[in-house]
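Notes follow the structure.
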Amino acid sequence: SPPPGERGGMSAAASAEMIETSPVLNFEEIDYKEIEVEEVVGRGAFGVVCKAKWRAKDVAIKQIESESERKAFIVELRQLSRVNHPNIVKLYGACLNPVCLVMEYAEGGSLYNVLHGAEPLPHYTAAHAMSWCLQCSQGVAYLHSMKPKALIHRDLKPPNLLLVAGGTVLKICDFGTACDIQTHMTNNKGSAAWMAPEVFEGSNYSEKCDVFSWGIILWEVITRRKPFDEIGGPAFRIMWAVHNGTRPPLIKNLPKPIESLMTRCWSKDPSQRPSMEEIVKIMTHLMRYFPGADEPLQYPCQYSDEGQSNSATSTGSFMDITSTNTSNKSDANMEPSDFQGASTNDTIKRLESKLAQQMKNTAKQP
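For the record, in the sequence shown the residue sitting at position 208 is 208 according to UniProt numbering, with numbers rising by one throughout.
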């Protein structure tokens, strides 16, 4: 059977022309005959994504199926060829016939599926949640600091964050909507629940739109709830609510430094949001109080019979919102149940105690 990119899609001549007429990029040209397609694993902002083998290595290949996806393909090819960072999916090369990207394969799937996918869902800890957000901020800070032209991702959301190494390492993917910061694009690319208000309002926007999205992701991994899920309906309803100042509900008992960082990212005024560089510094500092981020995620079937078997019915989120609390109530403050295990609870308490002591010591200084 023909590869996904050729089913009712572009001709071989058009495929070759797409690469040849594009700017010269830093990537390896790969012979499609070297690739053994195994299965379709999903779709990105454009194109179909398949798991494949290339030179005895698991890879992901992304192929376009129509001329309308050409622009997004070129954008992703151009942007991925510029980047090299441990928290950004690696581009190995591209094929000319059919046109496809050959990229690093993430065996852990998307962060979205880990958070909200099919049962059984894995257990994760506060350390995992904080580490994912730190790694995401590190990758985005790298994009924002690129020379001579920095990049805005514009579509940061858990479906575009992939996991490897047992769920402990995060990789940013899907650069089909990425743009140079200098262009200040005003197209409504992205997804409503994570989209900064200035983007869908048609205003000029900067890299601070990624900061807004990151703040929503932080809330999402802490609560294991879909942002604005209670609003329902078409995307414009979420956009209207965000435009009018609606944000996800605050989380009861969340340490103040985390809450402060999160809500600053949600600021209506982009200039009031922190830079990604500042976020990296704050998150790096906070991670010292959350050990265990390098422990692989555990699924219910992996739990031992001693002491953990009953945990299989919980969400395993940072706050462990139980099944009775997953209706996305619009309370001003969410009511989390007990933390997942004493170790996480103790970590939070130690963090708050240490920060309170630091504030007290600072106040005593003349």
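Yeah, the Cβ is synthetic: ideal placement off N, Cα and C, and Gly gets one too.
Cross-strand partners of residue i (DSSP beta bridge)
| i | result |
| --- | --- |
| K54 | The residue you asked about is not Lys; residue 54 is Trp in the sequence shown. Answer is I35, K57. |
| Q63 | V48, C100 |
| I152 | C179 |
| K88 | Checking the sequence, you will find Ile at residue 88 rather than Lys. The partner list for I88 (beta bridge, DSSP) reads I172. |
| G42 | V49 |
| S110 | L162 |
| G93 | E28, V102 |
| Q298 | H123 |
Buried versus exposed, by CB contacts within 10 Å (16 or more), residue i
| i | result |
| --- | --- |
| V40 | exposed |
| G202 | exposed |
| P274 | buried |
| D294 | exposed |
| H285 | exposed |
| R43 | exposed |
| P98 | buried |
| R7 | With a pLDDT of 39 at R7, under the threshold of 50, the predicted position of this residue should be treated as unreliable, and no value is reported. |
| F228 | buried |
| D31 | exposed |
| A118 | exposed |
| I19 | Per-residue confidence for I19 stands at a pLDDT of 41, beneath the threshold of 50, marking its modelled position as unreliable; no derived number is given. |
| W266 | buried |
| E67 | exposed |
| P158 | buried |
| F212 | buried |
| G232 | exposed |
| F200 | buried |
| T21 | Model confidence at T21 stands at a pLDDT of 44, short of 50, so the residue's coordinates are unreliable and nothing is read from them. |
| G139 | buried |
| E198 | buried |
8 Å contact criterion, which residue i and residue j should meet: CB distance rounded
| i | j | result |
| --- | --- | --- |
| L163 | L170 | 6 Å |
| L101 | K62 | 5 Å |
| residue 373 | E65 | An answer regarding residue 373 cannot be provided, because it is not within the stretch 1 to 366 covered by the chain. |
| W194 | I172 | Not quite, the Cβ-Cβ distance comes to about 13 Å (not below 8 Å), so this is no contact. |
| A127 | P291 | 6 Å |
| S137 | M262 | With 8 Å as the limit, S137 and M262 do not qualify as a contact, their Cβ atoms being about 12 Å apart. |
| A192 | I238 | 4 Å |
| L77 | A94 | 6 Å |
| A52 | E36 | 6 Å |
Residue from the options with nearest C-alpha to residue i
| i | options | result |
| --- | --- | --- |
| E34 | V59, V48, G42, G47 | V59 |
| P249 | G232, P257, K226, F236 | K226 |
| residue 390 | A196, A235, M287, V221 | No statement about residue 390 is possible, as the shown extent of the chain runs from 1 to 366 and does not include it. |
| I222 | E29, A52, L115 | L115 |
| W214 | D174, I251, F175, R154 | R154 |
| residue 380 | K53, L151, E69, T125 | Residue numbering for the chain in the displayed model covers 1 to 366; residue 380 lies beyond these limits and cannot be assessed. |
| A106 | N160, R224, P255 | N160 |
| L96 | F175, A118, E29, L218 | E29 |
| A72 | D174, K147, R82 | D174 |
| residue 392 | E220, I231, E230 | Past the boundaries of the shown model lies residue 392; the chain is included only from 1 to 366, so the question cannot be answered. |
| H123 | R224, G233, W54, D210 | R224 |
| C179 | T168, N204, P158 | N204 |
| Q79 | K147, K256, E198, P234 | K147 |
| Y92 | W54, T125, C209 | W54 |
| P255 | E230, G233, M287 | M287 |
| T168 | V48, T125, D210 | T125 |
| P257 | V75, E207, E104, L218 | L218 |
| V48 | A129, R82, M103 | M103 |
| Y289 | V75, R82, A129, I74 | A129 |
* To do: Indicate whether the contact test is met: 3 or more Cβ pairs, each with one atom in the stretch 293-303 and one in the stretch 244-255, closer than 8 Å.
  => no
* Decide yes or no for the touch test of the stretch 87-98 against the stretch 133-151: beta carbon pairs closer than 8 Å, at least 3 of them. => Verdict: yes, contact present.
* Asked: Should the stretch 123-136 be called in touch with the stretch 277-295, which here means at least 3 C-beta pairs below 8 Å?
  -> yes
* Asked: Pairing CB atoms from the stretch 104-113 with CB atoms from the stretch 258-273, are three or more of them under 8 Å?
  -> The stretch 104-113 vs the stretch 258-273: no contact.
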